[in-house]
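The listed protein sequences derive, respectively, from chains A and B. The numbers in UniProt numbering rise by one with no breaks, and the one at position 126 of the first sequence is 126. The numbers in UniProt numbering rise by one with no breaks, and the one at position 56 of the second sequence is 56. Beta carbons: idealized from backbone N, C-alpha and C, even for Gly. This structure is a prediction, so every number in the text was calculated from the model and none was measured.
There are 2 protein chains.
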Amino acid sequence: MRKFLKKIIRNSRSQEDGIFFDKLCKILGFKPLNIIFYTKAFTHRSTNKLDKTGNPFNYERLEFLGDAMLGSVIAAHLYNEVPTGDEGYLTKMRSKIVSREHLNELGRDLNLIQFIESKANPLHFGENIHGNIFEAFIGAIYLDRGYSYCEKFIHNKVIDSYVDIPKLEGKVISYKSLVIEWCQKEKKQFFFDVFDDTGVEDQKYFGVKLIIDQKIIGKGRATSKKKAEEKAAKRAYFALQEKIDKK
Amino acid sequence: MRKFLKKIIRNSRSQEDGIFFDKLCKILGFKPLNIIFYTKAFTHRSTNKLDKTGNPFNYERLEFLGDAMLGSVIAAHLYNEVPTGDEGYLTKMRSKIVSREHLNELGRDLNLIQFIESKANPLHFGENIHGNIFEAFIGAIYLDRGYSYCEKFIHNKVIDSYVDIPKLEGKVISYKSLVIEWCQKEKKQFFFDVFDDTGVEDQKYFGVKLIIDQKIIGKGRATSKKKAEEKAAKRAYFALQEKIDKK
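Here is the structure:
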């Protein structure tokens, strides 16, 4: 019965909504319960839309909410991850992670701009729109599924992929150069192998392996070849850390 | 068996810990699972304590965590409560609520300073210690019981008792004067009746009724007579709002 109802609901949804829903599921990693929050997160003020009660229907208030959720999830992560860091250190690291530049990168990598509904000229959006809708998207997740889903999403999409504490501390600029340097010193053969290159235009995806002396030492996936190489190198670095640090 | 074990655990705890535990339960409104977080929240850096891993054991890092949790819970509350407020409004209101002055008041009213462990002269603490340990206390709740308990505590102790949006907007300075003014205009008899006056010194508690024309219109409880009167007047104001606003 439930399946049957679901089918009806599914079929009655317009095709466009269906595509939006499916794309959302892929990015979120779970099914949204109430799609209206996400629609709001991608509605630009230039549409002049209002909700049922006559209040503006756009993503600006959701940015405020998402920013707050990001702040507390990142705070808890840093608190647990860096037990040696004092209050000043934690505050500084958090602002690096939630910097405008970083949020823009996150929004751009998820290609959230594909969903935007606007009457303004997209050329006039400016860089910050990526970060703004990323924050609004987080706010929508909170309203749709609560704090725990919001937390999981931020862990999967922000922390695991982007928060690299030694790098943020400025101790490591690039894992790729660290690993290459070590290979050269140790006279080891190495190369990066692109094993996956999928998607089109805005949604490209790359998979890269780092092979050292004929063995796969690290793999990485990202939206650019450069980023995928850096991820593979980072994993290789941690696998080889003891050997590298001895040098 | 569980009861029996609990009894043993309870009895084996030193008397002092037992008192701390009981007082905590009263303030928290639930039983803490791991008391160590709360002990940390009340340990001043002057004790020079270290944890098992050699890191400083004091409340300073917990302040960072508590501040972030307060920020997100208050953000979500404002988002839901004031659907007409734009991003700038929400940001401004949040900073009023989590202002240093306000946090100090919250910490002082809960008398958290009674738990402090310090080697410094308490006279040198300054006003901000109340707000600081209040934030650390919120951080401890998060670590002990997670976001949902933290959220409930902030709703009970911060939002319900202190967050008065019209007042924060500067639209209402005092509900007491609003209600008194109305009673005088309407030639109604009114008086505040203190029906509860308990606790000693730092932990005084007052209960006040506002009686208008022989009827109890509002009740309030707080740590001072003045605050309890204001609470009672606020409730009376909302009960009478339609009548008052007509004038």
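The straight-line gap separating the alpha-carbon atoms of C183 of chain A and V194 of chain A is approximately 19 Å. Under the three-state reduction of DSSP output, L210 of chain A falls in the strand class. Within chain B, S72, A75 and A76 have C-beta atoms less than 9 Å from the C-beta of M69 of chain A, given in sequence order. Taking the CA atoms as reference points, E60 of chain A sits about 18 Å from Q114 of chain A. For G218 of chain B, the enclosing beta strand (DSSP E) covers residues K215 to A222. Residue range F190 to T198 is occupied by the beta strand (DSSP E) that includes D193 of chain A, with no alpha helix (DSSP H) assigned at that position. The secondary-structure analysis by DSSP pairs L50 of chain B across a beta bridge with B:P56. The beta carbon of T91 of chain B sits closer than 8 Å to some beta carbon of chain A. In terms of Cβ geometry, I154 of chain B and L70 of chain B form a close pair [threshold 8 Å]. Collapsing the DSSP output to three states places E169 of chain B in coil.
Nearest CB-CB separation between T53 of chain B and chain A: below the 8 Å threshold.
In this structure, the alpha-carbon of S95 of chain A lies about 31 Å from that of L33 of chain A. In terms of Cβ geometry, A232 of chain B and K209 of chain B form a close pair [threshold 8 Å]. Put simply, the backbone Cα of Y79 of chain B is about 7 Å away from that of L90 of chain B. Not flagged as an interface residue toward chain B: Y175 of chain A, since no C-beta distance is shorter than 8 Å. Sequence-distant Cβ neighbours of D51 of chain B in its own chain, meaning closer than 6 Å and more than five residues away, are F57. When the five nearest sequence neighbours on each side are left out, the beta carbons in the same chain lying within less than 7 Å of the beta carbon of L24 of chain A are those of P32 and Y38, in order along the chain. Taking 8 Å as the cut-off, the beta carbon of I212 of chain B is found closer than this to the beta carbon of F190 of chain B.
When secondary structure is reduced to three states using DSSP, T43 of chain A falls in the strand class. For E186 of chain A, the secondary structure class from DSSP, reduced to helix, strand or coil, is coil. If you draw a straight line from the Cα of K49 of chain B to the Cα of N55 of chain B, it comes to about 8 Å. Here E135 of chain A has E63, G66 and D67 as same chain residues with Cβ atoms under 6 Å from its own Cβ, once five neighbours each way along the sequence are excluded.
Within 7 Å of the CB of T84 of chain A, the CB atoms of chain B belong to N55, in sequence order along the chain. Flagged as an interface residue toward chain B: Y147 of chain A, by a C-beta distance shorter than 8 Å.
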